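First to last, the protein sequences are chains A and B. Count along the first sequence starting at 1, add 1076, and that's the number in my numbering. Count along the second sequence starting at 1, add 1076, and that's the number in my numbering. Report on one structure; see the data block that follows.
2 protein chains.
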Amino acid sequence: MKKVSENKCFGGVQGVYTHASDACSCDMTFGLFLPEEAEDGPVPVLWYLSGLTCTHENAMVKAGAQEWAAEYGIALVFPDTSPRGEGVADDEAYDLGQGAGFYVNATQEPWSPHFQMWDYVAEELPKIVTANFAVDEARQSIMGHSMGGHGALTMAMQLQGRFRSVSAFAPIANPTRSDWGRKQLSAYLGEDEMAWAGHDASLLMRAEGFDGPILIDQGSEDQFIDLLKPEVLAEAMVARRQNGRLRMQPGYDHSYFFVASFMADHVAFHAETLHRR
Amino acid sequence: MKKVSENKCFGGVQGVYTHASDACSCDMTFGLFLPEEAEDGPVPVLWYLSGLTCTHENAMVKAGAQEWAAEYGIALVFPDTSPRGEGVADDEAYDLGQGAGFYVNATQEPWSPHFQMWDYVAEELPKIVTANFAVDEARQSIMGHSMGGHGALTMAMQLQGRFRSVSAFAPIANPTRSDWGRKQLSAYLGEDEMAWAGHDASLLMRAEGFDGPILIDQGSEDQFIDLLKPEVLAEAMVARRQNGRLRMQPGYDHSYFFVASFMADHVAFHAETLHRR
Chain A
1077 MKKVSENKCF GGVQGVYTHA SDACSCDMTF GLFLPEEAED GPVPVLWYLS
1127 GLTCTHENAM VKAGAQEWAA EYGIALVFPD TSPRGEGVAD DEAYDLGQGA
1177 GFYVNATQEP WSPHFQMWDY VAEELPKIVT ANFAVDEARQ SIMGHSMGGH
1227 GALTMAMQLQ GRFRSVSAFA PIANPTRSDW GRKQLSAYLG EDEMAWAGHD
1277 ASLLMRAEGF DGPILIDQGS EDQFIDLLKP EVLAEAMVAR RQNGRLRMQP
1327 GYDHSYFFVA SFMADHVAFH AETLHRR
Chain B
1077 MKKVSENKCF GGVQGVYTHA SDACSCDMTF GLFLPEEAED GPVPVLWYLS
1127 GLTCTHENAM VKAGAQEWAA EYGIALVFPD TSPRGEGVAD DEAYDLGQGA
1177 GFYVNATQEP WSPHFQMWDY VAEELPKIVT ANFAVDEARQ SIMGHSMGGH
1227 GALTMAMQLQ GRFRSVSAFA PIANPTRSDW GRKQLSAYLG EDEMAWAGHD
1277 ASLLMRAEGF DGPILIDQGS EDQFIDLLKP EVLAEAMVAR RQNGRLRMQP
1327 GYDHSYFFVA SFMADHVAFH AETLHRR
């Protein structure tokens, strides 16, 4: 693991690190915020998964999460959204290939050699983070935006017991029924839709739900809302009696201005479960 | 109008009053809380509609709303849930007749002579309250529990512009598709289901929504949740991009212990719109 940069930030440190990834067979970069409390011992950790076109950097510089993570003494991890570099497959479209890993393990060519983002985020990166930084793997939560909201929700439901709480800003909520999803799941996982079900938050909610609280924020003026399908997840959550909150925020769009506006609520929401002993 | 009782309460006055009702053709009783601020001039007013079997009294003594209404300087009105008394039709079932007016104007015998609860709550009682107490009719909001949540949501959507915000605890959300609804709408309004549509919050949400914010709380262990159908309203709200929040509260049931637990949030929610000039 190699340090790219470290900056003091709200009393703690915002770092960027690279490492050779076994899962993705390329170098990967991630951001990590450690609050001041990490100097005295392991702190809880909150994962932030980003959306289409993002790298590790977007949320790190635009979401305003560090202020609140510092207030609650929580670490933040900002993984990248795909493998990158020469020799890594890509597509001309912004929503496939590099910057658009969709948090799945690709089984199809040309993606399968590098696009193993599920294993990277769920298995490899946690080991690296806990081995190198003062974070407490018994206290983890996860959140994300758009494609990252999809990743956060599907990981939370598939890895029951790992995350104490999950939240999402404008998540891709029903990708198996959306052009943000069918194209990518088909490219990465093949045409057999049975293989897609584990990567659709609404289907997972119908099937089993999440053993902890969920918070979803969605902007009413989100330019991509018809692709996100929040109403399908809403129905599934309430039909399951899922511990959760859904908020339609009037006037907000899909941008990081929206994410930043409600970040304080999301970190506070996670802090409540993360600081429960 | 006749005073039944007045008690000092959180610095203000909790009163109970009776009056001859033109709408219901019988005497009606209501509770009214006035905060201390009403001594200096008109205050905003928050309506609380109660559920099946309730009188004006249940919420007044069990919901814990006065503490928060006093904090925000807001009046509370607690109407009864039906006409009552000798000569007023009734049924042996707890969910039809006295205590179960469903906030509609009955068109069918034997209910139509007295069961005009829509007109009573939407027209007659507001006139009486504004004529006799220091409340500001330009600043009104409404909430309710169960059948009263149904009443609050349907009135808010049918009387656009009247209420600045609406909230509900465990509302009957889709009565045209529930045994809490079909029986009563059929008895009061007749078999023509076209006449029911204006009294179904989910149908009204699909058709037009509400021009203001909505807050819904629902307990996950609510013993009546299958009759309430919150998932239908959830889907309709999010599909409409309705300014609103839905919260599934884990472990809570249908009782006033649930209502009281989240009353502070509801009054604060309404206070935000009621104190906007």
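Just so it is clear, CB atoms sit at the ideal spot from N, CA and C, and this is done for glycine as well. Only a predicted model underlies this, so the values are computations on that prediction, with no experimental measurement involved.
*Which term fits residue 1137/B, buried or exposed, when burial requires 16 or more other beta carbons within 10 angstroms of its beta carbon?*
Position 61 of the second sequence, counted from the start, is the residue given in the question as residue 1137/B. So residue 1137/B ends up on the exposed side.
*With 16 other CB atoms within 10 Å as the buried threshold, where does residue 1077/A fall?*
Here residue 1077/A corresponds to residue number 1 of the first sequence, with the count starting at 1. Result: exposed.
*Tell whether a beta-carbon distance below 7 Å holds between residue 1357/A and residue 1131/A.*
Given a span of 1077 to 1353 for chain A in the structure shown, any question on residue 1357/A remains unanswerable.
_Cβ shell of residue 1329/A (< 7 Å), same chain only, five flanking positions each side left out_ = Numbered from 1 along the first sequence, position 253 holds the residue referred to as residue 1329/A. Taken in chain order, the residues that qualify are 1295, 1297, 1298, 1299.
*Which residue's Cα is closest to the Cα of residue 1164/B: 1228/B, 1229/B, 1256/B, 1104/B?*
Along the second sequence, one-based indexing puts residue 1164/B at 88. Checked all of 1228/B, 1229/B, 1256/B, 1104/B; the closest Cα to residue 1164/B is 1104/B.
*With distances taken Cα to Cα, identify the nearest neighbour of residue 1292/B among 1220/B, 1282/B, 1317/B.*
Within the second sequence, residue 1292/B is the residue found at index 216, counting from 1. The shortest C-alpha separation from residue 1292/B is found at 1220/B.
*Could you say which of 1174/A, 1179/A, 1196/A lies nearest to residue 1186/A if we only look at CA atoms?*
Position 110 of the first sequence, counting from 1, holds the residue named residue 1186/A. Residue 1186/A has its Cα closest to that of 1174/A, out of 1174/A, 1179/A, 1196/A.
*Could you pull the start and end residues of the alpha helix (DSSP H) that residue 1186/A belongs to?*
Position 110 of the first sequence, counting from 1, holds the residue named residue 1186/A. Where residue 1186/A is concerned, there is no enclosing alpha helix (DSSP H), given that its DSSP letter is neither H nor E.
*In chain order, what residues of the same chain lie with their CB nearer than 6 Å to the CB of residue 1275/A, ignoring the 5 residues before and after it?*
Walking along the first sequence from the start, residue 1275/A turns up at place 199. So the qualifying residues of the chain are 1180, 1230.
*Anything in chain B within Cβ reach of residue 1307/A, meaning under 7 Å, just list it in chain order.*
Translated into positions along the first sequence, residue 1307/A becomes position 231. Correct list: 1311, 1314, 1315.
*Of the residues that make up the region 1318-1331 of chain B, which ones have a beta carbon closer than 7 Å to any beta carbon in chain A?*
Those residues of the region 1318-1331 of chain B that come within reach of chain A (Cβ to Cβ, closer than 7 Å) are 1318, 1319, 1320, 1321, 1322, 1323, 1324, 1326.
*Sequence-distant residues of its chain with Cβ nearer than 8 Å to residue 1237/B (five each side left out)*: Here residue 1237/B refers to the residue found at position 161 when the second sequence is read from its first residue. Excluding positions up to five away in sequence, the list reads 1287.
*Below 6 Å CB to CB, which residues in the same chain sit around residue 1334/A once its five sequence neighbours on both sides are set aside?*
Looking up residue 1334/A in the first sequence gives position 258. Hits under 6 Å: 1295, 1328.
*For the beta strand (DSSP E) holding residue 1206/A, just list the boundary residues, first then last.*
Within the first sequence, numbered from 1, the residue matching residue 1206/A stands at position 130. Looking at the DSSP string, residue 1206/A is not in any beta strand (DSSP E); the run it does join, the alpha helix (DSSP H), is 1201-1208.
*What does a CB cutoff of less than 8 Å around residue 1184/B pick up in its chain, not counting 5 residues either side in sequence?*
Working through the second sequence from its first residue, we reach residue 1184/B at position 108. Excluding residues within five positions, the ones whose Cβ falls inside 8 Å are 1263, 1264, 1265, 1266.
*Can you find a CB in chain A that lies within less than 7 Å of the CB of residue 1337/B?*
For the purposes of this step, residue 1337/B is taken as residue 261 along the second sequence, with counting starting at 1. Chain A, which has no Cβ nearer than 7 Å to the Cβ of residue 1337/B, makes this no.
*Compare the C-alpha of residue 1281/B against each of 1257/B, 1242/B, 1199/B, 1255/B and name the closest.*
Position 205 of the second sequence holds residue 1281/B. Nearest of 1257/B, 1242/B, 1199/B, 1255/B to residue 1281/B, Cα basis: 1242/B.
*Which residues in chain A sit within 8 Å of residue 1301/B, going by Cβ to Cβ distance?*
Translated into positions along the second sequence, residue 1301/B becomes position 225. Here the neighbours are 1317.
*Could you tell me the boundaries of the alpha helix (DSSP H) in which residue 1250/B lies?*
For the purposes of this step, residue 1250/B is taken as residue 174 along the second sequence, with counting starting at 1. Run containing residue 1250/B: none; DSSP gives neither H nor E here.
_Given this structure, state the Cα-to-Cα distance separating residue 1134/B from residue 1258/B, to the nearest angstrom._
Residue numbering aside, residue 1134/B sits at position 58 when the second sequence is read from its first letter. Residue numbering aside, residue 1258/B sits at position 182 when the second sequence is read from its first letter. One C-alpha to the other measures close to 25 Å.
*Same chain, Cβ closer than 6 Å to residue 1177/A, five either side skipped, listed in chain order*: In the first sequence, the residue the question calls residue 1177/A occupies position 101. Once the five neighbours on either side are set aside, the close Cβ partners of residue 1177/A are 1157, 1158, 1191, 1193.
*So the alpha helix (DSSP H) residue 1301/A belongs to, where does it begin and stop?*
For this step, residue 1301/A is matched to residue 225 along the first sequence. Where residue 1301/A is concerned, the enclosing alpha helix (DSSP H) stretches over 1301-1304.
_Tell me the DSSP secondary structure of residue 1261/B in three-state form._
As a first step, residue 1261/B is located in the second sequence; it is residue number 185 there, counting from the start. Three-state DSSP puts residue 1261/B in a helix.
*Would the beta-carbon of residue 1308/B fall within 7 Å of that of residue 1331/B?*
In the second sequence, the residue the question calls residue 1308/B occupies position 232. In the second sequence, the residue the question calls residue 1331/B occupies position 255. Not a contact, by the Cβ cut-off of 7 Å.
*Counting only runs that start and end within the region 1112-1172 of chain B, where is the beta strand (DSSP E) found for 3 or more residues in a row?*
1119-1125, 1151-1155
_Residues that residue 1296/B contacts on chain A, provided the C-beta gap is smaller than 7 Å_ = For this step, residue 1296/B is matched to residue 220 along the second sequence. Within chain A, the residues near residue 1296/B are 1317, 1319.
*Look at the Cβ atom of residue 1232/B, then the Cβ atom of residue 1304/B, and state whether they are nearer than 7 Å.*
Working through the second sequence from its first residue, we reach residue 1232/B at position 156. Working through the second sequence from its first residue, we reach residue 1304/B at position 228. The answer is no: Cβ separation not under 7 Å.
_Unbroken alpha helix (DSSP H) run spanning residue 1335/B, endpoints_ = The count along the second sequence starts at 1 and reaches residue 1335/B at position 259. Residue 1335/B -> alpha helix (DSSP H) spans 1332-1350.
*Over the uninterrupted alpha helix (DSSP H) stretch that includes residue 1296/A, give me the two end residues.*
Taking the first sequence and counting its residues from 1, the one referred to as residue 1296/A is at position 220. Where residue 1296/A is concerned, there is no enclosing alpha helix (DSSP H), given that its DSSP letter is neither H nor E.
*asked:* Quick check on the DSSP output: the alpha helix (DSSP H) that includes residue 1234/A runs from which residue to which?
replied: For this step, residue 1234/A is matched to residue 158 along the first sequence. Note, residue 1234/A: alpha helix (DSSP H), 1223-1234.
*Could you check which residue in 1094/A, 1089/A, 1087/A has the C-alpha nearest to that of residue 1079/A?*
Position 3 of the first sequence, counted from the start, is the residue given in the question as residue 1079/A. The candidate whose alpha carbon is nearest that of residue 1079/A is 1094/A.
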